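Worksheet for the structure shown next.
Here is the structure:
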């Protein structure tokens, strides 16, 4: 069901520092032809790895939040935030419900059934992992998935505070085989700087929910100082990139390093405070409000909710820098939530979030789009 409440960035927090204005993006307009491209912000030189077309892959969804491919590339699992359903979606767009996640509740805002990640050893274990809101807070749970049905719900981590807003919720397995999870500050900004709190963090854990070996503080915390991170992806060098909702000024793209502090609530966007790690790129909140990201062709692709566009951000070779960000499909498909690279293909899956209070569309009006890359 679609809940009748406002979903968005959450209430604004008081500003604590003066912030530097990011470099202005150069405006340009790309012609919208058969590719369906919208207004873009770009340099005069054409970027590489650009989206070249969009088609509907599957429809009839309500706030699809997580997308996790099986290692055999036969299909992906797609979660719905408010109805707690999990769908099997094939590369041709065939959609079949495989179950729901028990013990899930909503927060009247951004909580519910969120991220999903399939065990890299799924052929042997048949395990998948989900992050969801429960009665006591946000949890990470493991379930058995035999290709047809979800069963055997088991909690591996709980005690992550929940709130109306700022629940984080993304899951991904890294190239090191460990599970990474993003958590929001649960509208309590102090938690983001507390190394002993699970909130406002990126967590790194074993498949049993224990701290992964080599974590910087000896606990589950991998990085701290996050407000509401909802996008994580690994590049060709195994480095972790993250997209994060700011408050009222700047959204961020960060390159995550173990033990680094990304500033919240002391900094929003770029700042000069000692000990804080600055983002690699920032946007105003109206341009972005980013959720999921994916990396393909050495490019970070970022889905924007309030900004209603797909951002293309090239990584500069194997450096830690990124180039000019370019926007595609501005306002064409509404609020864009989650991105996933299609294994073995030059394409992305992109989900919409229009069937919520912010989008104002009826239940079942969300979809998964297939974006081809040039």
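In our numbering, the protein residues as written are 1 to 374. Ideal Cβ positions, reconstructed from N, Cα and C, are used throughout, including at glycine. Values in this document were obtained by computation on a predicted structure and should not be read as measured data.
- For a cut-off of 8 Å, the C-beta gap from residue 83 to residue 58 is around 15 Å, too long to register as a contact.
- Here residue 198 carries a coil assignment [DSSP, helix/strand/coil].
- Taking each of 359, 179, 282, 256 in turn and checking the Cα distance to residue 240, the smallest one comes out for 256.
- No Cβ-Cβ contact shorter than 7 Å links residue 156 with residue 137.
- For residue 349, the enclosing beta strand (DSSP E) has its first and last residue at 347 to 352.
- Residue 153 and residue 323 have their C-alpha atoms some 43 Å from each other.
- Within the same chain, and ignoring the five residues on either side of residue 246 in sequence, the residues whose Cβ sits closer than 7 Å to its Cβ are 227, 252, 268, 269, 285.
- Under the 10 Å beta carbon count, residue 173 is surrounded by 16 or more other beta carbons and is classified as buried.
- Per DSSP, the continuous beta strand (DSSP E) segment holding residue 133 begins and ends at 127 to 133.
- Taking the Cα positions, residue 220 is about 33 Å away from residue 309.
- In the structure shown, residue 192 falls within a helical segment according to DSSP collapsed to helix, strand and coil.
- Residues 202, 256, 260 of the same chain have their beta carbon placed closer than 6 Å to that of residue 223, with the five preceding and five following residues left out of the count.
- Using a Cβ distance threshold of 7 Å, residue 75 and residue 92 do not count as a contacting pair.
- Counting along the chain, no beta strand (DSSP E) covers residue 217, and no H or E run does either.
- In this model, residue 340 and residue 79 are separated by some 13 Å (Cα to Cα).
- Looking at the DSSP output, residue 256 sits in a beta bridge with 240.
- Assigned with DSSP and collapsed to three states, residue 104 falls in coil, not helix or strand.
- Within a 10 Å sphere around the beta-carbon of residue 250 sit 16 or more other beta-carbons, which makes this residue buried.
- Contact check for residue 181 against residue 191 fails: the beta carbons are separated by 7 Å or more.
- The distance from the Cβ of residue 296 to that of residue 311 is about 13 Å, inconsistent with a contact at the 8 Å cut-off.
- A Cβ-Cβ separation of about 6 Å places residue 336 in contact with residue 352 under the 8 Å criterion.
- By the Cβ-count criterion, residue 272 is exposed, with fewer than 16 other Cβ atoms from all chains shown falling within 10 Å of its own Cβ.
- Using a 10 angstroms sphere on the CB of residue 121, the tally of other CB atoms stays under 16, which defines it as exposed.
- Close CB contacts of residue 278 within its chain, under the 6 Å cut and outside five residues either way in sequence, are with 270 (chain order).
- Here the C-alpha atom of residue 48 lies approximately 30 Å from the C-alpha atom of residue 168.
- In summary, residue 354 is buried, with 16 or more beta-carbon neighbours lying within 10 Å of its beta-carbon over all protein chains present.
- When C-alpha distances from residue 235 are compared across 129, 104, 97, 320, the shortest belongs to 320.
- Secondary-structure assignment with DSSP links residue 234 through a beta bridge to 240.
- When DSSP reads this structure, residue 309 sits in a beta bridge with 304.
- When the beta-carbon positions are compared, residue 359 and residue 334 come within less than 7 Å of each other.
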